[in-house]
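One structure below.
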Amino acid sequence: KHELAFGGQDGRLGHYPAKVEIPLREGTKEISCPSFFSSPANYKVMDEQMDKWISLKVIEPSRSLWATP
1 KHELAFGGQD GRLGHYPAKV EIPLREGTKE ISCPSFFSSP ANYKVMDEQM DKWISLKVIE
61 PSRSLWATP
């Protein structure tokens, strides 16, 4: 029933043709949180997953003043 909520018209995760705007309160300042501690083995798994999602264009690399783990 809601399959388009999880993928675009081509059925691939991360491909949904929508512009999203996140309303912020006036005066809101950027925040960047440090990443959480994890074992080297877990970091390896996370890096591999992120590389896979980047190659599938589910996510894209970004540099921003806004960041959270």
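At position 19 of the sequence shown the residue is numbered 19 (the UniProt record's numbering), and the sequence of numbers has no breaks.
All C-beta atoms in this analysis are idealised placements derived from N, C-alpha and C, irrespective of residue type, glycine included.
Would you kindly report the start and end of the unbroken alpha helix (DSSP H) that includes residue i?
i	result
Glu26	Careful: Glu26 lies outside any alpha helix (DSSP H) and carries neither H nor E.
Trp53	Pro40 to Ser55
Quick check: the Cα distance between residue i and residue j, rounded to an integer number of angstroms?
i	j	result
Phe36	Arg63	18 Å
Trp66	Tyr43	21 Å
Pro23	Ile31	15 Å
Ser38	Glu21	32 Å
Would you call the stretch 24-37 and the stretch 46-61 touching, i.e. three or more CB-CB distances under 8 Å?
no
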